[in-house]
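See below for the structure under consideration.
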Amino acid sequence: MPERPFWNPYVAGVVLGLVLLGSFLVMGFGLGSSGAVTRFAAFGAHLVAPKTVETNAYFSQYYGPGKHVLEDWLVFEVLGVFLGGVLGAYSAGRLKLGIEKGQRATTAQRLFLAVVGGVLMGFAARLARGCTSGQALTGGAALSLGSWVFMMAVFTGGYLVAPLVRREWR
Amino acid sequence: MTFPLYPHGLFGTYAGLLVGTLVGVAFGFVLERAGFGRARNLAAQFYLTDLRVLKVMFSAIVTACVGMAFLAGIGVLDLALITVPETFLWPQLVGGLLLGAGFIVSGYCPGTGVVAVASGNLDAVAAIGGIMAGSLAFGFGYGPLESFYKSGAMGVVRIDRLLGVPISVVAAAVVAMAVGAFLGGEKLEAIFAPRQGELVPASPARVKVRVFSGFAVVAALALVALALPARHAVLAAKPEQRISAVALAKDLVASPQSWWVVDLRPEAVAEKGRLPGAIVVGPEEKGAAAAANLAATRKLVIYSQSDLAAPPEGVKRFAGEIYVLKGGYDAWKAEVLTAPRAEENPTAAQSADFKVRLALYARYTGAASTTGPARSEPRPAAPAAEPKKGGGC
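Going down the list, the protein sequences come from chains E and H. Just so we're aligned: the first sequence equals residues 1 to 170 in the numbering used here. Just so we're aligned: the second sequence equals residues 1001 to 1393 in the numbering used here.
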């Protein structure tokens, strides 16, 4: 099957905005992702060291009588994101194993940098109480001051570091 | 004020989770179609060769923002019930810088990383693994981080409220800013893409005209909606009605299901004795806001200890009929909970009145207790006069 082209970015943005608006209209809140990834991480850590996670000053908010760390709106939403991603990639003929990198970068370099960047983001998203979805997109549309500060900081951080990792993408 | 639906209790937690999954499927599908399952499409933003991230993200923000401003303007969306992430200035500034750095190094952000994993990109599996490790690092290092994590706390700060202008004015400004950024961004692409030996990404003029003018039209409609009288302002102009203790007592016997009885006294006082079926919401504006969120399918009667000259402002947002109990709880005690005394030589009217009062006295002091913890109505959820606080992601 030939690969379908990506949507025009402005059109994709409008459709994404309608999904976000729909979430606001039905639920009263918007989209997110890093919160769910953190919950999965806590769930995994809990399998290894339950006491340590439950009594941790930050993760204790996920535990308690009648609570399950994965019984959360965001977790279900992100499972949906995964399903939607599979559906989108499959229907566009893009569902295949691969590694995204520039031609000059080796696979080992790319995977190493993906982990390093991921660690930075995981830490940053908890510090900022959200990521590009929950803060920049959702908080931006809801006109939260802090979310706009966050969004501008994300672009600034990206542009400052981009020259250092140029090799990764060329 | 119909939207948002969930806070009205139209569906429960589990239906909410199902909605969440469906919203997620749509979110993931669109991110994939936008090209965000591929790190190179995202990284290109930071080398100015393809500003796809900016275009998609700002178009989405503009769509949702002007959409909400318009729907609030015509009175179908209650902005007070929309969750707005709280502002913690310093951790959001530093977190944003770090997340931006992590974004270009890993090639994904958390949401697009999930979509990239779904598309089969193994580098995204590594990125998501890193995000999990980073979140755990934050959690386990939380102790010394806590004071910074909570610094710059400003509560819920919405830019329109901060500037003191209607939301549709800010929404229109966001549209203007976004379209300016799009046009400027396309100029940058035309300069930087050829330098990297790449094609300049082009959008058909027809698409751009439609999308940008669509934004402008909705923003303009939201501004025009400012001329409409706001719904709560109309309600505020509606005078509340007053009802005597005896009349209310009679009606509560006849049709208890047609009333919301709301006690605006402090909880400790209300625990000692209140009207049967009364909902205790707490005093002043906090309680008033909770009362205003009750369904408008019943009449609302509010009372305090003594007479309320005027109901608190927040109560006026209640969409149905509003009554104030004349004389407050004191009057209820004197006229309903106190045995009536017969007149010496009653007229026919006085005699009839005495019989009614006697029956009510028996009804409310005998069969129906006014004390004790039993409540016939659940206590409503947290008041929502202020935008709801949210944790973001």
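Ideal placement from N, C-alpha and C gives every residue a C-beta, glycine not left out.
- By the CB criterion at 9 Å, H/Ala-1118 and E/Ala-89 fall inside the cutoff.
- For E/Leu-21, a Cβ of chain H is located within less than 9 Å of the residue's own Cβ.
- DSSP, reduced to helix, strand and coil, places H/Phe-1003 within a strand of the structure shown.
- Distance between H/Phe-1148 and E/Ala-36, taken at the CA atoms: about 23 Å.
- For the pair H/Leu-1048 and E/Lys-96, the Cα-to-Cα distance works out to about 28 Å.
- In terms of beta-carbon proximity, E/Thr-132 lines the interface with chain H, with at least one pair separated by less than 9 Å.
- For E/Val-15, the nearest CB of chain H lies under 9 Å from its own CB, placing it at the interface with that chain.
- Note on geometry: alpha-carbon atoms of H/Leu-1248 and E/Phe-29 lie some 39 Å from one another.
- Shown here, H/Leu-1300 sits in a strand according to DSSP, grouped into three states.
- Under the three-state reduction of DSSP output, E/Thr-55 falls in the helix class.
- Within the same chain, no Cβ atom closer than 8 Å to the Cβ of E/Glu-71 is found once the five residues on either side in sequence are excluded.
- By the criterion of at least three beta-carbon pairs nearer than 8 Å, the segment 1210-1217 of chain H is in contact with the segment 1170-1187 of chain H.
- Using a Cβ distance threshold of 9 Å, H/Ile-1104 and E/Gly-158 count as a contacting pair.
- Of the candidates E/Phe-6, E/Tyr-10, E/Arg-4, E/Ala-153, E/Tyr-10 places its Cα closest to the Cα of H/Arg-1206.
- About 6 Å separates the beta carbon of E/Gly-146 from that of H/Pro-1085, a gap short enough to meet the 8 Å contact definition.
- Burial state of H/Tyr-1014 is exposed, judged by a 10 Å Cβ sphere holding fewer than 16 other Cβ atoms.
- Rounded to whole angstroms, the gap between the alpha carbons of E/Met-121 and E/Gly-32 is 14 Å.
- Annotation for H/Leu-1360: the continuous alpha helix (DSSP H) segment containing it runs 1348-1362.
- Taking one beta carbon from each stretch, the segment 1020-1039 of chain H and the segment 1116-1131 of chain H have 3 or more pairs nearer than 8 Å; the two touch.
- Inclusion of H/Pro-1311 and H/Glu-1284 in the CB contact set at 9 Å is not warranted, their separation being larger than that value.
- Under a criterion of Cβ atoms nearer than 7 Å, the residues of chain E adjacent to H/Arg-1038 are, in order, Glu-100.
- Close partners of H/Phe-1140 in chain E (Cβ separation under 7 Å): Asn-56.
- Interface flag for H/Pro-1110 against chain E is set, since a Cβ pair is found closer than 9 Å.
- Separation of H/Ile-1167 and H/Ser-1351 (C-alpha to C-alpha, rounded to the nearest whole angstrom) is 60 Å.
- Taken atom to atom, the span from the alpha-carbon of E/Trp-148 to that of E/Val-48 is near 38 Å.
- For a Cβ distance threshold of 7 Å, residue set Pro-1110, Ile-1128, Ile-1131, Met-1132, Ser-1135 of chain H lies close to E/Val-37, ordered along the chain.
- E/Gln-103 sits exposed, since fewer than 16 C-beta atoms from the chains shown fall within 10 Å of its C-beta.
- Flagged as an interface residue toward chain E: H/Val-1030, by a C-beta distance shorter than 9 Å.
- Shown in chain order are the members of the segment 91-119 of chain E whose Cβ falls below 9 Å from a Cβ of chain H: Ser-91, Ala-92, Arg-94, Leu-95, Lys-96, Leu-97, Gly-98, Ile-99, Glu-100, Lys-101, Gly-102, Thr-107, Arg-110, Leu-111, Phe-112, Leu-113, Ala-114, Val-115, Val-116, Gly-117, Gly-118, Val-119.
- Residue contact with chain E for H/Leu-1071: present (Cβ-Cβ distance below 9 Å to some residue of chain E).
- Taking 9 Å as the threshold, the shortest C-beta distance from E/Glu-3 to chain H does not fall below it.
- The alpha-carbon of H/Arg-1195 is positioned some 12 Å away from that of E/Arg-170.
- In this structure, E/Leu-18 keeps its C-beta atom at 9 Å or more from the C-beta atom of H/Thr-1021.
- Here E/Gln-135 is buried: its Cβ has 16 or more other Cβ atoms, across all protein chains shown, within 10 Å.
- Going by beta carbons, H/Gly-1314 and H/Ala-1278 fall outside the 9 Å limit.
- Neighbours of H/Pro-1144 in chain E, taken as residues whose beta carbon is under 8 Å from its own, are absent, since the nearest beta carbon is some 11 Å off.
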